[in-house]
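Q:
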Amino acid sequence: MKILKFGGSSVANQENIQKVFQILKNQFQQEEIAVVFSALGGVTEVLLQSAHKAKEGDKSYVEEIKVLENRHYDLVRKMIPIQQQSTVLTYVKVRFNELEDLFHGIYLIKECSLKSLDYVGSFGERLSAFILAEVLKVEGLPAHFLDAREVIRTNNRYGNAKVDFPVTNDLIQDYFHQHEGLKVITGFIASTEKGETTTLGRSGSDYTAAIFASALNAECLEIWTDVSGVMTSDPRLVYSAFTIPQLTYSEAMELSHFGAKVIFPATMQPAMRKGIPIYIKNTFAPEHPGTLINNDTPSGKLIKGISSMSGISLLNIEGAGLIEVVGLSRRIFGALADAGINVVLISQASSEHSICVAIKTIEVPLAKEAIEKEFIYEIKNSEMDPVVVVSNMAVVAAVGENMKHNPGASGRMFQALGRNNVNVYAIAQGSSELNISVVVSQADLQKALNALHEAFFLSENKVLHVFLVGVGLIGKALIKMISLQRKKLQKENDLDIQIHGIANSRFMAFDEDGFDLHNCPAPEDAKGAKPMDLKKFISQMDEMNFSNTVFVDCTASQELAEIYEHVLEAKIAIVTPNKKANSSFLENYKALKKLAYKRGVKFLYETNVAAGLPVISTLQDLMLSGDKVLKIEAVLSGSMNYIFSELEKGAPFSEVVRIAKEKGYTEPDPRDDLSGMDVGRKILILGREAEQDLHFDNISIQSMVPEDCLDIENVDDFMEKLKTHDEEFAGILEEAKAKGEKLRFMATLENGKAKVGLNSLDSSHPFYTLKGSDNMILFTTERYHDYPMIIRGPGAGADVTAAGVFADVIRIGNISR
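The numbers in the sequence shown follow this note's numbering, run straight up by one, and end at 821.
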């Protein structure tokens, strides 16, 4: 014997019902089964709401009941041949006539007791089970309708009646012994010894199925719903949640207590007592194995699931006069029990100075009043402080039998939460080691769940959630690189990079599931695109609340640089080629570095200097290892090196600048490069990384822009005017050639002083052989004294810069494992 139960979503309409019938036909051919049905989807809710409206004198209940009646008529007419409809339609009509009389009575006397509500609620299951039994007969199955009120006996605690199992078990066994065929049973409802209708409380239809399974010593109990089993976490909050293949009864009860809605503790108790396996299956994916709940504890993951409960508040009860007071806890929980308040979680300091309890927020006023009334004299005498309420909280629980005697679960849990800036307000763990519960801010709930889910279930595949501002040449190249390398990173580095936000100067767009990187749209073309607003972009990034978030700034915007502090404060990592933040005031630079360290997140800017070359990371490693920088010499502008390399071939200076501009080596206005300011910012950053308190004003910069060209507004006019200086630059070049030297525009830092300008170098200098747009940096240190450390390579261009940004993003993924 096997018991199957189908919920309201499974029988919500004709299409779903046909799927249910196919499952029943397949199983009926193989073994004896009985089936429990809930009311059609949404019916019970409408019945109870209509009863409330009738009680309040709102006559709209009449129309709502009429809509329900027509819905049941339509189902009969669609699924039963016209010749066989009469009996079923009559049954439906009689039930709704009863309902009309019942609601009219409630409307007249303006009263609706729990007893009346139980009777009202019973109509949904009675209608659905009767109709579906008749349809099954049409489908060729020997179905037999069973009103569970005939066999399930309870007390008269209406709304949540308690089952008399000895009597109920005998009645069920007798009934099944006397009746053959496929029993189609009403869920949710029962009756007292006097025949008065009762209901079995929350998830009553599941409970009905478990009662029958226990009474009949069934082989198993199958709960068919609209999800494929119990998930590792709430899939609405954790996008990577997946089905748990197997749970123990204890694990399932813990998960259900803290919010896993697929199954409820009361459902399992009758089956658990008999050791009957429970399967949670999906009506719409019957081939999926779902979740098995039984007594076995399979080896595997440290925890089985992470559940949560929202709408929680903390009550803090503390005071110096509470230390070593006998009976304190009894008085607190006695007062709460007398007020009918359920305590979700308890946390007590070992000093006995304070006790913290978590309750549902809706019960806070009553709970606070009950405790303060109980301790009125202690509060008056300042032995105890008034009760402090902390609202907008949520409980997160990690559940698993394998935590027993396996150290590390709590450590991993708190490390994951701390790394993602989630503050823990209270902690509870029983000696059974089955459940570790923490209270966090409601605003941090999604981040906490995702962080824990990744730590416990996806540790082999770390996910970085990227928000990218700046989708110009560098940004586009970065997206392309991520898309091309993503599968390799997942397979070989266990790293998955998803981009959830993109923006340019005009538009921004977001995607919770991550954009399709192979066909990533421009921000203005993306679904849900909005005008760019930096504050709203940062706010949306905060609200999406992902763990392991990385903010990537591929712009040269001063405005973006000014919000880095807010991003780091939110414990979000930053990767950027934007030099504005690190080349601003020294105090700002130090504050950002200190904040990143304090918040435990990475602030990476390798591409601030020499694009993708490992310049900053190398310098940082030298300093961390105790070396001291004595001198830095660097060619840091690919455009300037190209210009002076090409100048050697004999072309006029103005012509070389024009070619460099056309090839994209310079900014649209070449004066931005020729001024030397960009190189000045780069040597400033290197100086600061070398632990020197360098200010921009300390840098001597020689501009290559002739004085009479500075104030020309039009770039074309500037280029024309530059021709008048060709002889001047030719003379400088000839002078260098005469000495056997070459011109290099370079930066030097030595003895705390930095300068940027044009230098004439002989063949003994490493920069002598430098060509094209390459950069070269020489580090002379105490260790690398006689022979400086040399770093050389392409120091400009969208692709190499994007590669450096990409490397920084990957570095964050590898570091934060």
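Note that CB positions come from ideal geometry on N, CA and C, so glycine has one too. Only a predicted model underlies this, so the values are computations on that prediction, with no experimental measurement involved.
#1: I need the straight-line Cα distance from K484 to M536, nearest angstrom please.
#2: For P798, list the residues DSSP reports as bridge partners.
#3: Which word fits R821, buried or exposed, when buried means at least 16 other C-beta atoms lie within 10 angstroms of its C-beta?
#4: Curious, which full-length beta strand (DSSP E) runs of at least 3 residues does the segment 91-160 contain?
#5: Run the CB neighbour count on I816, radius 10 Å, all protein chains shown included, and call it buried at 16 or more, exposed below.
#6: To the nearest angstrom, how far is it from the Cα of A694 to the Cα of L617?
#7: S707 and L678: beta carbons closer than 8 Å?
#8: P369: buried (16+ other C-beta within 10 angstroms of its C-beta) or exposed?
#9: Alpha carbon to alpha carbon, how far is A362 from F461?
#10: Just to confirm the assignment, what range does the beta strand (DSSP E) spanning L8 have?
#11: State the DSSP-derived secondary structure class of K57, mapped to helix, strand or coil.
#12: The beta strand (DSSP E) spanning K635 covers which residue range?
#13: If you check the beta carbons only, do T559 and G474 fall under 8 Å apart?
#14: Indicate the three-state DSSP secondary structure (helix, strand or coil) for R821 in the structure shown.
#15: Around the Cβ of V392, are there at least 16 other Cβ atoms within 10 angstroms (buried) or fewer (exposed)?
#16: Taking Cβ to Cβ, would you say S643 is nearer than 8 Å to T670?
#17: My understanding is that D778 touches Y772, with C-beta atoms under 8 Å, so please give their C-beta distance in whole angstroms.
#18: Below 8 Å on the Cβ atoms is my contact criterion, and I expect V188 with L140 to pass it. Report the Cβ-Cβ distance as a whole number of Å.
#19: Where DSSP assigns a beta bridge to K871, which residues make up the other side?
#20: So, are the CB atoms of V426 and V443 less than 8 Å apart?
#21: Which value, in whole angstroms, describes the spacing of the CA atoms of M1 and K635?
#22: Short check: CB of L306 to CB of G404, under 8 Å?
#23: Determine the direct distance from the alpha carbon of K665 to that of A655, and round the result to whole angstroms.
#24: Taking the straight line between their C-alpha atoms, what separation do you get for I267 and G309?
#25: Count the other C-beta atoms from every protein chain shown that fall within 10 angstroms of the C-beta of R334, then say buried if there are 16 or more, exposed otherwise.
#26: Tell me the residue span of the beta strand (DSSP E) that contains L296.
#27: Whose C-beta lies closer than 8 Å to the C-beta of K4 among residues of the same chain, with five residues either side of it excluded?
#28: Would you mind sorting G808 into buried or exposed? The rule is 16 or more other CB atoms within 10 Å of its CB.
#29: If you compare alpha carbons, which of L468, V619 and L488 is closest to E516?
#30: Which value, in whole angstroms, describes the spacing of the CA atoms of A806 and E528?
#31: Give a yes or no on whether the C-beta atoms belonging to I380 and S414 are separated by under 8 Å.
#32: Between Q450 and L241, how many whole angstroms is the CB-CB distance? I'm expecting something under 8 Å.
#33: Buried or exposed for Y601, please, with buried defined as at least 16 other CB atoms from any protein chain shown within 10 angstroms of its CB.
#34: L651 and V639: beta carbons closer than 8 Å?
A: Short version:
#1: On the sequence shown, residue 484 is found 480 positions in, with the first residue counted as 1. On the sequence shown, residue 536 is found 532 positions in, with the first residue counted as 1. K484 and M536 have their C-alpha atoms some 23 Å from each other.
#2: One-based indexing of the sequence shown puts residue 798 at position 794. P798 is bridged to D778.
#3: Residue mapping note: residue 821 aligns to position 817 of the sequence shown, counting from 1. In this prediction, R821 scores a pLDDT of 49, lower than 50, which makes its location untrustworthy; the coordinate-derived value is nonetheless stated afterwards. R821 should be labelled exposed.
#4: Correct list: 147-150.
#5: Taking the first residue of the sequence shown as position 1, residue 816 is located at position 812. Buried, since its Cβ has 16 or more Cβ neighbours within 10 Å.
#6: Residue 694 sits at position 690 when you count from the first residue of the sequence shown. Residue 617 sits at position 613 when you count from the first residue of the sequence shown. Each residue's alpha carbon lies about 17 Å from the other.
#7: Translated into the one-based positions of the sequence shown, residue 707 becomes position 703. Translated into the one-based positions of the sequence shown, residue 678 becomes position 674. Judged by their CB atoms, S707 and L678 are nearer to each other than the 8 Å cut-off.
#8: Your numbering for residue 369 matches position 365 in the sequence shown. With fewer than 16 other Cβ atoms within 10 Å, it is exposed.
#9: By 1-based counting over the sequence shown, the position of residue 362 is 358. By 1-based counting over the sequence shown, the position of residue 461 is 457. Within the model, the alpha-carbon separation for A362 versus F461 is close to 27 Å.
#10: Your numbering for residue 8 matches position 4 in the sequence shown. Where L8 is concerned, the enclosing beta strand (DSSP E) stretches over K6 to F10.
#11: Taking the sequence shown and counting its residues from 1, the one referred to as residue 57 is at position 53. K57 carries a helical assignment under DSSP once its states are collapsed to helix, strand and coil.
#12: One-based indexing of the sequence shown puts residue 635 at position 631. Boundaries of the beta strand (DSSP E) around K635: V633 to V639.
#13: Stepping through the sequence shown from its first residue, residue 559 is reached at position 555. Stepping through the sequence shown from its first residue, residue 474 is reached at position 470. Cβ distance < 8 Å, so T559 and G474 count as in contact.
#14: Reading the sequence shown from its first residue, position 817 is the one you call residue 821. Only weak support exists for where R821 lies, its pLDDT of 49 falling under 50; the coordinates are left without a value.
#15: By 1-based counting over the sequence shown, the position of residue 392 is 388. Burial is judged here by how many other beta carbons sit within 10 angstroms of a residue's own beta carbon; V392 has fewer than 16 and is exposed.
#16: Position 639 of the sequence shown, counted from the start, is the residue given in the question as residue 643. Position 666 of the sequence shown, counted from the start, is the residue given in the question as residue 670. Cβ atoms of S643 and T670: closer than 8 Å.
#17: As a working mapping, residue 778 is identified with position 774 in the sequence shown. As a working mapping, residue 772 is identified with position 768 in the sequence shown. The C-beta separation of D778 from Y772 comes to about 13 Å, leaving the pair out of contact by the 8 Å criterion.
#18: Taking the sequence shown and counting its residues from 1, one reaches residue 188 at position 184. Taking the sequence shown and counting its residues from 1, one reaches residue 140 at position 136. At roughly 7 Å, the Cβ-Cβ gap stays under 8 Å, so V188 and L140 are in contact.
#19: Residue 871 falls outside the range modelled here, since the chain spans only 5 to 821, and no answer is possible.
#20: As a first step, residue 426 must be located in the sequence shown, where it is residue number 422. As a first step, residue 443 must be located in the sequence shown, where it is residue number 439. Contact check for V426 against V443 fails: the beta carbons are separated by 8 Å or more.
#21: Because residue 1 is not part of the residues shown, which for the chain are 5 to 821, the question remains open.
#22: Within the sequence shown, numbered from 1, the residue matching residue 306 stands at position 302. Within the sequence shown, numbered from 1, the residue matching residue 404 stands at position 400. Yes, the Cβ-Cβ distance between L306 and G404 is below 8 Å.
#23: Working through the sequence shown from its first residue, we reach residue 655 at position 651. Working through the sequence shown from its first residue, we reach residue 665 at position 661. Roughly 15 Å separates the two Cα atoms.
#24: The residue given as residue 267 occupies position 263 in the sequence shown. The residue given as residue 309 occupies position 305 in the sequence shown. Cα to Cα, the separation comes out at about 14 Å.
#25: On the sequence shown, position 330 is the one that residue 334 refers to. So R334 ends up on the exposed side.
#26: Taking the sequence shown and counting its residues from 1, the one referred to as residue 296 is at position 292. Unbroken beta strand (DSSP E) run through L296: T295 to N298.
#27: Outside the shown range of the chain (5 to 821) lies residue 4, about which nothing can therefore be said.
#28: Along the sequence shown, read from residue 1 onward, the residue named residue 808 stands at position 804. With 16 or more other Cβ atoms from the protein chains shown falling within 10 Å of its own Cβ, G808 counts as buried.
#29: The residue given as residue 516 occupies position 512 in the sequence shown. Taking only the C-alpha atoms, the option nearest E516 is L468.
#30: In the sequence shown, counting from the first residue as 1, residue 806 sits at position 802. In the sequence shown, counting from the first residue as 1, residue 528 sits at position 524. Going from the Cα of A806 to the Cα of E528 covers about 22 Å.
#31: As a working mapping, residue 380 is identified with position 376 in the sequence shown. As a working mapping, residue 414 is identified with position 410 in the sequence shown. No, these two residues do not count as a Cβ contact at 8 Å.
#32: By 1-based counting over the sequence shown, the position of residue 450 is 446. By 1-based counting over the sequence shown, the position of residue 241 is 237. The Cβ separation is near 5 Å, so the contact holds.
#33: Within the sequence shown, residue 601 is the residue found at index 597, counting from 1. With fewer than 16 other Cβ atoms from the protein chains shown falling within 10 Å of its own Cβ, Y601 counts as exposed.
#34: Here residue 651 refers to the residue found at position 647 when the sequence shown is read from its first residue. Here residue 639 refers to the residue found at position 635 when the sequence shown is read from its first residue. Not a contact, by the Cβ cut-off of 8 Å.
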